[in-house]
Amino acid sequence: MSERLFCFRWDIDHRVCMTEGMPRIRSVCRDFGVPNTFFVNMGQSTNLKEWVAGGARGVARSKAKLADKDAIHLIHKTGWPRFVLETVLARPVGLSFIPELQAVQAEGHELGLHGGMDHVVWSRRFHQLPDAVLERDLDDSYGHFLRHFGRPTGFSSPGFYSDERVMRWLDRHGFTYNGDGIGGEPHVAEAAGMPLRHWTIPVTLSGPRTIPFLEYHGARGTPERDVIADLQSHLD
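Count along the sequence shown starting at 1, add 169, and that's the number in the working numbering.
In structure tokens:
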């Protein structure tokens with residue numbers, strides 16, 4: 170294939186992604202007539218119990234995220250009042266915006282599944298989750314998605330935390346691809362050294378430490394002309 174393709178993907182991690190980000194993105198997409206891919210977190214994006222249970226280590230990790238100058242943390246995106254409200258209520262993301270997401274889908278955009286039902290647990294201790302717990306979490310999220318949006322073809326893991334358990338689960342449920350790779354070419358997913366039936370479509374443009382490209386430049390206050398220059402350098 171000689172044609173060069175450029176694909177935008179967005180992870181709908183938090184409720185603010187739907188209330189603040191999605192209207193802006195949809196407007197730009199309409200202006201240019203370009204569909205995008207949105208990976209939807211069907212469950213909750215905040216978990217006070219999980220943060221408290223982490224003890225001193227969890228507090229230290231949270232402080233480190235707040236001090237990170239290369240990323241825009243959730244409190245900065247939402248403001249303290251809304252962050253506290255969402256933490257207390259722990260409302261699900263995708264399940265709270267079914268009509269809005271169905272409207273996005275009707276406009277020709279792709280909706281994919283983003284992790285399980287608890288974004289915090291997945292991001293903080295994915296590799297500690299027992300197999301049965303992980304599979305039940307994925308089954309719950311998939312069931313909600315299937316009921317409201319139909320069968321998804323794509324999947325992405327929160328924070329790119331994934332392993333062969335997820336790859337096998339995706340194969341069993343007939344997914345076409347996962348978006349959990351960083352850099353390189355698209356390739357057939359594997360488990361235990363054996364090829365599976367779906368593909369890994371990597372993210373080829375991002376900031377450091379898997380920080381999204383636009384978020385990274387937004388956090389650093391990069392002038393627009395420099396963002397465009399950086400983008401063009403990657404495309405070249």
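For glycine and all other residues, C-beta sits at the position ideal for the given N, C-alpha and C.
Locate the alpha helix (DSSP H) running through S292, then write down its first and last residues. Position 123 of the sequence shown, counted from the start, is the residue given in the question as residue 292. That run of the alpha helix (DSSP H) goes 288-294.
Measuring CB to CB, does R320 end up less than 8 Å from V262? Numbered from 1 along the sequence shown, position 151 holds the residue referred to as residue 320. Numbered from 1 along the sequence shown, position 93 holds the residue referred to as residue 262. Contact flag unset, no.
Using DSSP with H/G/I as helix, E/B as strand and the rest coil, what is Y346? Stepping through the sequence shown from its first residue, residue 346 is reached at position 177. In this structure, Y346 counts as strand in the three-state DSSP scheme.
Write down the C-beta distance between H317 and N205 rounded to the nearest angstrom, noting that I regard them as a contact closer than 8 Å. Taking the sequence shown and counting its residues from 1, the one referred to as residue 317 is at position 148. Taking the sequence shown and counting its residues from 1, the one referred to as residue 205 is at position 36. 19 Å between Cβ atoms; not a contact.
Boundaries of the alpha helix (DSSP H) in which A358 is found, first to last residue: Position 189 of the sequence shown, counting from 1, holds the residue named residue 358. Counting along the chain, A358 falls outside any alpha helix (DSSP H), though it belongs to the beta strand (DSSP E) covering 356-360.
To the nearest angstrom, report how far apart P250 and P364 are at their CA atoms. Looking up residue 250 in the sequence shown gives position 81. Looking up residue 364 in the sequence shown gives position 195. Rounded to whole angstroms, P250 to P364 spans 48 Å at the Cα level.
With a threshold of 8 Å, are at least 3 pairs of Cβ atoms found where one atom belongs to the region 173-182 and the other to the region 190-208? Segments in contact, yes.
For T322, does the three-state DSSP call read helix, strand or coil? The residue labelled residue 322 in the question sits at position 153 within the sequence shown. If DSSP states are grouped into helix, strand and coil, T322 belongs with coil.
Delimiting residues of the beta strand (DSSP E) encompassing M363: As a position in the sequence shown, residue 363 is number 194, starting the count at 1. Start and end: 363-369.
Span of the beta strand (DSSP E) around L282: Within the sequence shown, numbered from 1, the residue matching residue 282 stands at position 113. Per DSSP, L282 belongs to the beta strand (DSSP E) from 279-283.
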